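Peer 1:
There are 4 protein chains.
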Amino acid sequence: MINITVWGEGRHEKTNEVVKSIYPDGMHTVIAKGLEEDADFKVTTAFLDQDDEHGLSEELLANTDVLTWWGHCAHGDVKDEIVARVHKRVLEGMGLIVLHSGHYSKIFKKLMGTSCSLTWREAGEKERLWVCNPAHPITQGIDKYFEIPHTEMYGEPFGVPAADEQIFISWFEGGEVFRSGLTYYRGNGKVFYFRPGHETYPIYFDENVKLVLKNAVKWAKSDYTWNDACPNVPIDQAPEPITRQGEGLHLDGDDGFK
Amino acid sequence: MINITVWGEGRHEKTNEVVKSIYPDGMHTVIAKGLEEDADFKVTTAFLDQDDEHGLSEELLANTDVLTWWGHCAHGDVKDEIVARVHKRVLEGMGLIVLHSGHYSKIFKKLMGTSCSLTWREAGEKERLWVCNPAHPITQGIDKYFEIPHTEMYGEPFGVPAADEQIFISWFEGGEVFRSGLTYYRGNGKVFYFRPGHETYPIYFDENVKLVLKNAVKWAKSDYTWNDACPNVPIDQAPEPITRQGEGLHLDGDDGFK
Amino acid sequence: MINITVWGEGRHEKTNEVVKSIYPDGMHTVIAKGLEEDADFKVTTAFLDQDDEHGLSEELLANTDVLTWWGHCAHGDVKDEIVARVHKRVLEGMGLIVLHSGHYSKIFKKLMGTSCSLTWREAGEKERLWVCNPAHPITQGIDKYFEIPHTEMYGEPFGVPAADEQIFISWFEGGEVFRSGLTYYRGNGKVFYFRPGHETYPIYFDENVKLVLKNAVKWAKSDYTWNDACPNVPIDQAPEPITRQGEGLHLDGDDGFK
Amino acid sequence: MINITVWGEGRHEKTNEVVKSIYPDGMHTVIAKGLEEDADFKVTTAFLDQDDEHGLSEELLANTDVLTWWGHCAHGDVKDEIVARVHKRVLEGMGLIVLHSGHYSKIFKKLMGTSCSLTWREAGEKERLWVCNPAHPITQGIDKYFEIPHTEMYGEPFGVPAADEQIFISWFEGGEVFRSGLTYYRGNGKVFYFRPGHETYPIYFDENVKLVLKNAVKWAKSDYTWNDACPNVPIDQAPEPITRQGEGLHLDGDDGFK
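Chains as they are written, first to last, in our numbering: chain A, 276 to 533; chain V, 276 to 533; chain C, 276 to 533; chain P, 276 to 533.
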């Protein structure tokens, strides 16, 4: 059993007729439904305006193995305190799957440390995602490539650190390319950025997209966690016998400056 | 000519007698003096309580090729706004050298995206830094290793992403090891973390430490910059001729959600 | 069930009294016995002088999920043809665990592409292996560090590419350090280099060493494989409709130069 | 002054009329001419059938800062001994630029350790190379992208290790994508793989291709070298005082097994 929380902004379908027509109950409900096709997944949804904590209570996150994140028009409305809470859980070992416009979310930028910039165009053009790593758990069941008939384009340069693994590269009808699937190991957590998902197209109903997300959840679940807290090692617990030499700031075993 | 700004917290020498006896005018002045041995370097200093901007004006940063950062007891007093300003300049191409306890500074954590945790002990023990990469620009002129007779220990696990290059590993008298020199490419900027530098020992007077810092400045200077701002690509400027298909959110050329 | 083949050189215990006294039936038998403690592992052994193929038939390798490799005095006697066979299987997805002096084996050098050089000293000194990555599958059940009371020293610089993951760093009594546990993704295969294992000490009887090897086998097993053969894509199978333009060397669908 | 050796197979233009019409004196002469536009470059050419050593004498390589490599139909005719010689020089610090079909050369496969497989099609289609890293030395002077009107297609998956830096990604008219510019640090040497260059098109006359090659040469030149030879550290030269404990194989200072 893998405990998944699907987080969605949940705003655009309330204000935009196009989005409402495709995702009347929000994108998160459709993403969740796709994941629930796997009987081993227990899926919870949460969204920005759900409550004071954007639906992401300490308790829910503590019980989440993998979190998926979709946001677009309201990145700035996500509270820093909740971002810090999610960040802490990723470093502890919670998997994180960041979707499409989530490239500019606070949580992704915080984990990457870079601009996460790209170029973009909304023309409903065709995208073809090529598999760069056919033996990777995330690409199992996917053919050499798959296509999305209508999508928003994202183009290079993508302002991220060198990825740990390159999973997909996209070809766009209008002539661009993009690193559409990238993995990052950060702390104990595994992070997967996956490009598809613009809200004016029915992309999260696509069978290939759903399969990639199911694979990615299995990959992102970490079996082990570890807490890092910058501990002092008292002198009498040094592996080799030593004694204090010279002057210092700290008493043995104190907390340090954090 | 390389324009360097040496930033120091500049507090501990005002409150602690041990620190004052070694660095009466602050550590930044000693670090700056070591760098000034290279006639090609133009060195400016700045410190936390210098002014409202911690001495780091937009103008100074715009003219800084490489910034060095030492802080310890007052990481929390550095304003988020100034951290964001430094971060932006690193992504634009300013080099950054983070020293010792700077592993827990806001700017280093922001660039790494991880906890930056480690273990530590202040016993004045011996450290030996081994060169992992003898052909790297940063290690030129350094023998197989160099020693620091009295230092604070930092031990593994070090909570950082996999480094782009491994430069030094430390051996400690008390039995620990640590990745003491690591490089990271982030945006257009080059980042070097260098471990030595506890404020109760005269480490920044050491000839090897000074040489590593001079080498690191030359390495970290970037000749090229590039601004990434998530630009829209209007449909009529797509490399391949396309027309708008289906529905969308954006007008051609608009700013997007940021 | 994981199918493991433990390969050993199997020579030194026949000519050297010290080695014979510790590993009378060869090191591979002891390594195999340690792995057999896991009921899910099916372990086969093979050695250099077993037959014309060093015990590594096509059939055995085809049925091997993970291969462990220990060699030292006879790297040069391993046939290039068998090295190529093992290499091919690693790229197809067989896991490979390279032990100690195997850093200079033909197969490890072939996979790394670098010198794999290091410094060394045989003084029977103490080694302490620190865990750099406490949440990694390979370090589960291992404390912050473990010690080997008597060992041969390996020191930096270690002539390998930047590792995909840093698992262990060693501290040596004589003052050196070494990257003792490194992972590499090559083709479909996972490669783990693990330093301990000099033949004049009973290192493969050590409980921590045995645990790391058991963990590493589970980590190195790949669930998916993929064959890469530089296929031609005939023009009429291009994802976008195109026709031949200009001159060329090849007929549609031909084999190319290999 | 940078000393460059341009190596070419030099065969196809002798047997194929199309190739002869574009590169009557071999591709290496055209590549060399492009590089000679930089007055700081001293360019030498060498080719497969030049002499017993394929034109690559010990002396020439010892005086080469950067070597460029183009081969296609005769990879198998390059002697292993010469490949080993080039490989040794790369690890010592000679830069290497591998061009187009050189992805399957012995030297590139030896440095990568992987299959270097890809998919391909020769239809004379258009290629557009996107810059992924606009602040990298190799991309200076190149716009967001550049196009090659007629080329052979190379597609993903490309069987190489994760690159140290991603420089270009190609978009092809027929629908594929490819990682067309990748950097690798191997030993002291810098390696750049650059995709363009099929012999039936005048690609090495292209201004953008010539500029990338000039930039790449400057980037690939290493200022520092270091020789790694797996040296023994005699016990009395250990950084910390130790004495021999227990049994061993080696005498102090001996050569080890190589």
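Where a beta carbon is used, it is the ideal one built from N, C-alpha and C, also for glycine.
Just so you know, these numbers come straight off a predicted model, no measurement behind them.
#1: Per DSSP, which one or two residues make a beta bridge with Lys-317(V)?
#2: Verify the CB distance criterion: does Arg-519(P) have a CB-CB separation below 7 Å to chain C?
#3: The alpha helix (DSSP H) that contains His-303(A), what's its start and end?
#4: Which residue comes first and which comes last in the alpha helix (DSSP H) that contains Leu-323(V)?
#5: Using a threshold of 7 Å, state whether the C-beta atoms of Val-452(V) and Ile-444(C) are closer than that.
#6: Using a Cβ-Cβ distance cut-off of 7 Å, determine whether Glu-356(A) contacts chain P.
#7: Find the residues of chain A that neighbour Leu-331(V), judging by a C-beta separation of less than 9 Å, and give them in chain order.
#8: Anything in the region 384-411 of chain P with a Cβ closer than 8 Å to a Cβ of chain V? List those residues in chain order, please.
#9: So, Gly-449(P) versus Glu-515(C), is the Cβ gap smaller than 7 Å?
#10: Using a threshold of 7 Å, state whether the C-beta atoms of Thr-389(A) and Gly-351(A) are closer than that.
#11: Would Thr-414(C) and Ile-372(C) be called neighbours here (beta carbons separated by less than 7 Å)?
#12: If I measure Cβ to Cβ from Asp-529(P) and keep anything under 8 Å in the same chain, skipping five residues before and after, which residues do I get?
#13: Using only alpha-carbon positions, find the residue among Lys-465(P), Ile-510(P), Phe-421(P) and Gly-301(P) that is nearest to Leu-486(P).
#14: Cβ closer than 9 Å: which chain V residues qualify as neighbours of Gln-415(P)?
#15: I'd like to know if Ile-444(P) contacts chain A, where contact means its C-beta is closer than 7 Å to some C-beta of that chain.
#16: Got a sec? Which residues, its chain only, sit under 7 Å from Gly-377(V) by beta carbon, not counting five neighbours each side?
#17: Would a check of beta-carbon distances place Gly-368(P) closer than 7 Å to chain C?
#18: Note down the Cα distance separating Asn-278(P) from Lys-496(P), rounded to an integer number of angstroms.
#19: Bridge partners for Trp-405(C) per DSSP, in chain order?
#20: Against Arg-461(A), what residues of chain V qualify as contacts under a CB-to-CB distance less than 7 Å, listed in chain order?
#21: Measure the C-alpha to C-alpha separation of Val-341(P) and Cys-505(C) and round it to an integer number of angstroms.
#22: Mind checking if Asp-503(P) is an interface residue toward chain C, Cβ cutoff 7 Å exclusive?
#23: Could you tell me if Pro-436(V) is buried or exposed, where buried requires 16 or more neighbouring beta carbons within 10 angstroms of its beta carbon?
#24: Ends of the alpha helix (DSSP H) at Ser-296(P)?
#25: In angstroms with no decimal places, state the Cα-to-Cα distance between Asp-315(P) and Pro-412(V).
#26: Looking at the C-beta of Pro-424(V), does it have a partner C-beta in chain C at a distance below 7 Å?
#27: Using a Cβ-Cβ cut-off of 8 Å (strictly less than) and excluding sequence neighbours within five positions of Leu-335(V), which residues of its own chain qualify?
#28: Could you pull out every residue in the same chain whose Cβ sits closer than 7 Å to the Cβ of Ile-417(C), ignoring the five residues on either side in sequence?
#29: Let me check understanding here. Comparing Cα to Cα, which of Glu-400(C), Lys-419(C) and Asp-439(C) lies closest to Tyr-429(C)?
#30: What in chain C is Cβ-close to Asp-300(A), meaning under 9 Å?
#31: Based on DSSP bridge pairs, tell me the residues matched to Gly-464(P).
#32: Give me the Cα-Cα distance between Leu-524(A) and Glu-292(V), rounded to the nearest whole angstrom.
#33: Would you say His-572(A) faces chain V, with C-beta separation under 7 Å as the test?
#34: Does the region 463-483 of chain P come close enough to the region 301-316 of chain P that 3 or more CB-CB pairs lie under 8 Å?
#35: Strictly below 9 Å CB to CB, what residues from chain A border Pro-509(P)?
#36: Output, in sequence order along the chain, the residues in the region 468-487 of chain C whose CB is closer than 7 Å to any CB in chain V.
Peer 2: Inspection of the coordinates gives the following:
#1: Per DSSP, Asn-278(V).
#2: Yes, its Cβ sits closer than 7 Å to a Cβ of chain C.
#3: Counting along the chain, the alpha helix (DSSP H) containing His-303(A) begins and ends at 302-310.
#4: Segment: none, Leu-323(V) is in no alpha helix (DSSP H) and carries neither H nor E.
#5: Result yes, Cβ atoms of Val-452(V) and Ile-444(C) sit closer than 7 Å.
#6: No, Glu-356(A) does not count as interfacial toward chain P.
#7: Within chain A, no residue comes near Leu-331(V); the closest Cβ sits about 19 Å away, beyond 9 Å.
#8: Flagged, chain order: Arg-403, Pro-409, Ala-410 and His-411.
#9: Result yes, Cβ atoms of Gly-449(P) and Glu-515(C) sit closer than 7 Å.
#10: In this structure, Gly-351(A) does not lie closer than 7 Å to Thr-389(A) by Cβ.
#11: The answer is no: Cβ separation not under 7 Å.
#12: Closer than 8 Å at the Cβ level, and outside the excluded window around Asp-529(P), lie Asn-507.
#13: The alpha carbon of Leu-486(P) has as its nearest neighbour, out of Lys-465(P), Ile-510(P), Phe-421(P) and Gly-301(P), the alpha carbon of Phe-421(P).
#14: Counting only Cβ-Cβ distances below 9 Å, Gln-415(P) has contacts in chain V at Asp-498 and Tyr-499, in chain order.
#15: Ile-444(P) belongs to the set of residues whose beta carbon lies under 7 Å from a beta carbon in chain A.
#16: Excluding positions up to five away in sequence, the list reads Trp-344, Trp-345, Gly-346 and Phe-383.
#17: The beta carbon of Gly-368(P) does not come within 7 Å of any beta carbon belonging to chain C, so the residue lies off that interface.
#18: The straight-line gap from Cα to Cα measures roughly 9 Å.
#19: Per DSSP, Tyr-420(C) and Ile-444(C).
#20: Chain order gives the chain V residues near Arg-461(A) as Gly-388, Thr-389 and Pro-436, where near means a beta carbon separation below 7 Å.
#21: Going from the Cα of Val-341(P) to the Cα of Cys-505(C) covers about 28 Å.
#22: By this cut-off, Asp-503(P) is an interface position.
#23: With 16 or more other CB atoms across the displayed protein chains lying within 10 angstroms of its CB, Pro-436(V) is buried.
#24: 292-297 is the span of the alpha helix (DSSP H), which, as asked, contains Ser-296(P).
#25: If you take the alpha carbons of Asp-315(P) and Pro-412(V), they lie about 22 Å apart.
#26: Not an interface residue.
#27: The beta carbon of Leu-335(V) sits closer than 8 Å to the beta carbons of Thr-280, Thr-319 and Ala-321 from its chain, once the five residues preceding and following it are set aside; these are given in chain order.
#28: Val-406, Asn-483, Leu-486 and Val-487.
#29: Nearest neighbour of Tyr-429(C) by Cα position, chosen from Glu-400(C), Lys-419(C) and Asp-439(C), turns out to be Glu-400(C).
#30: The premise fails here: Asp-300(A) is roughly 34 Å from chain C at the closest Cβ pair, so nothing lies under 9 Å.
#31: Answer is Arg-461(P).
#32: One Cα belongs to Leu-524(A), the other to Glu-292(V), and the distance between them is close to 10 Å.
#33: This structure cannot settle anything about residue 572(A), because the visible part of chain A is limited to 276 through 533.
#34: At 8 Å Cβ cutoff, the stretches touch.
#35: By Cβ distance, chain A contributes nothing, its closest Cβ being about 23 Å from Pro-509(P), past 9 Å.
#36: From the region 468-487 of chain C, no residue has a Cβ closer than 7 Å to chain V.
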